[in-house]
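These notes are about the structure you will find just below.
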């Protein structure tokens, strides 16, 4: 042990921690195996509850009718995902104990990133392959946010007020560009934007046949008595399409939640900016919808959400990468989602151990629930 500790300390300049794993990792039980057994019941219960609710809601949204759900497959998915998450926790605890017992001490890599990356890599192999890309993207979002917080905490970057709006706008601009070029084939983000931004100019925002008589009269006045610029591609007046989109989305959002209100309120600035640019330039350009889509990121000011902003940004990067790979400008990795999940999750969990103040509070609360505050 003394030789190894001198090697790590003198040659690699790594701090050495000689405390045992009972004092540093599993403080609730002095036995390594006993500590692992202790966390299984609560961890598995938490995972079953979390994934049970997640899969049930997802299934109801897709099918729309509880009678159409495949409950056998639903139960299998819940059990498989619960085992995956529980094993991620168990392998991580085991790995840190294993390194401590073999080396006789802790170093920064063995107590954090080496153990967390290895545990995440082995655990994701259990999960359904169809869910791996989504998990990899989510943890990449979280890892990039964690890195930014670290750089701010250490003084390398400064905090930007309403920075979520900038990130959100960049993501929306990329998604709008890909929708203009490739339509819904570019991915689910473009399909989502088709709805949130009313990008289909041939579709009606409101169906007059389903509206009360007085509302139809006022809507017809709004559509026909105001000007539509010659280069605008929507059916009715510019004022009409902007107000109709905003009113419809506000109604949806108010009835559902404030978060949904954010997502759905972004149509109004999109259509307003697009029509304004058409009038100023006097012609339609490929850049106009992209600028308009980015402008809708201003909605993030009224309901800041780092999670949504980072999701939009990384979905944009994802589309760029896949198109570059399809055209031969970037390499394709057969199991890239596994590698990305392992590295991202390992980075996040490593920082949970060494710098928890850089981690999103919601994720820390999630881990507390998983470990029963251990």
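In my numbering, the protein residues as written are 825 to 1198. Ideal placement from N, C-alpha and C gives every residue a C-beta, glycine not left out.
{"Asked": "Here's the rule: buried if 16 or more other CB atoms are within 10 angstroms of the residue's CB, otherwise exposed. What is residue 973?", "Found": "buried"}
{"Asked": "For residue 942, which residues of its own chain have a beta-carbon under 6 Å away from its beta-carbon, when the five flanking residues on both sides are left out?", "Found": "919"}
{"Asked": "With the cut-off set at 8 Å, would you say residue 1183 and residue 936 are in Cβ contact?", "Found": "no"}
{"Asked": "Any chance the CB of residue 999 is under 7 Å from a heavy atom of the ligand GDP?", "Found": "This structure lacks the ligand GDP; in fact it carries no ligand of any kind."}
{"Asked": "With a Cβ-Cβ cutoff of 8 Å, do residue 1136 and residue 999 count as a contact?", "Found": "yes"}
{"Asked": "What separation, rounded to the nearest whole angstrom, lies between the Cα atoms of residue 1194 and residue 993?", "Found": "34 Å"}
{"Asked": "Give me the Cα-Cα distance between residue 990 and residue 1143, rounded to the nearest whole angstrom.", "Found": "19 Å"}
{"Asked": "Please state whether DSSP places residue 983 in a helix, a strand or coil.", "Found": "coil"}
{"Asked": "What separation, rounded to the nearest whole angstrom, lies between the Cα atoms of residue 1145 and residue 856?", "Found": "43 Å"}
{"Asked": "Tell me where the alpha helix (DSSP H) around residue 847 begins and ends.", "Found": "845 to 848"}
{"Asked": "My parser needs the alpha helix (DSSP H) runs of 4 or more residues fully inside the region 852 to 910; what are they?", "Found": "856 to 887"}
{"Asked": "Quick check on the burial criterion: 16 or more other C-beta atoms within 10 angstroms. Buried or exposed for residue 842?", "Found": "exposed"}
{"Asked": "Rounded to the nearest angstrom, what separates residue 962 and residue 854 at their Cα positions?", "Found": "35 Å"}
{"Asked": "So for residue 930, helix, strand or coil by DSSP?", "Found": "strand"}
{"Asked": "Please classify residue 882: is it buried, with 16 or more other beta-carbons within 10 angstroms of its beta-carbon, or exposed?", "Found": "exposed"}
{"Asked": "Using 10 angstroms around the beta-carbon of residue 851, count the other beta-carbons present and answer buried if the total reaches 16, otherwise exposed.", "Found": "exposed"}
{"Asked": "Are residue 1171 and residue 859 touching if we call contact CB-CB under 8 Å?", "Found": "no"}
{"Asked": "Checking the sheet assignment: what are the DSSP bridge partners for residue 841?", "Found": "930"}
{"Asked": "Could you please give the first and the last residue of the uninterrupted alpha helix (DSSP H) stretch that includes residue 1149?", "Found": "1130 to 1150"}
{"Asked": "Between which two residues does the alpha helix (DSSP H) carrying residue 1185 extend?", "Found": "1185 to 1195"}
{"Asked": "So, at 7 Å on beta carbons, what are the nonlocal neighbours of residue 1134 in its own chain, with the 5 sequence-adjacent residues on each side left out?", "Found": "965, 968, 969 and 991"}
{"Asked": "Inspect the CB distances between the region 946 to 955 and the region 871 to 881 and report whether three or more fall short of 8 Å.", "Found": "no"}
{"Asked": "Looking only at C-alpha atoms, which of 1139, 861, 976 and 897 sits nearest to residue 1002?", "Found": "1139"}
{"Asked": "Could you tell me which of 897, 925, 934 and 1181 sits nearest to residue 975, measuring between CA atoms?", "Found": "1181"}
{"Asked": "Check whether the Cβ atoms of residue 947 and residue 1164 sit closer than 8 Å, and answer yes or no.", "Found": "no"}
{"Asked": "Please report the Cβ distance between residue 1173 and residue 916, rounded to the nearest whole angstrom; I am assuming they are in contact, meaning their Cβ atoms lie under 8 Å.", "Found": "7 Å"}
{"Asked": "Please classify residue 1275 as buried or exposed, where buried requires at least 16 neighbouring CB atoms within 10 angstroms.", "Found": "Residue 1275 cannot be examined here, being either before or after the span of the chain that is shown, 825 to 1198."}
{"Asked": "What is the DSSP secondary structure of residue 977, counted as helix, strand or coil?", "Found": "helix"}
{"Asked": "Find the nearest neighbour of residue 1197 within the set 866, 840 and 846, judged by alpha-carbon distance.", "Found": "866"}
{"Asked": "So, at 8 Å on beta carbons, what are the nonlocal neighbours of residue 904 in its own chain, with the 5 sequence-adjacent residues on each side left out?", "Found": "950, 951 and 952"}
{"Asked": "How big is the Cα-Cα spacing for residue 1004 and residue 907?", "Found": "41 Å"}
{"Asked": "Tell me which residues share the same chain as residue 982 and place their Cβ nearer than 8 Å to its Cβ, disregarding the 5 neighbours each side in the sequence.", "Found": "976"}
{"Asked": "Between residue 1166 and residue 945, how many whole angstroms is the CB-CB distance? I'm expecting something under 8 Å.", "Found": "4 Å"}
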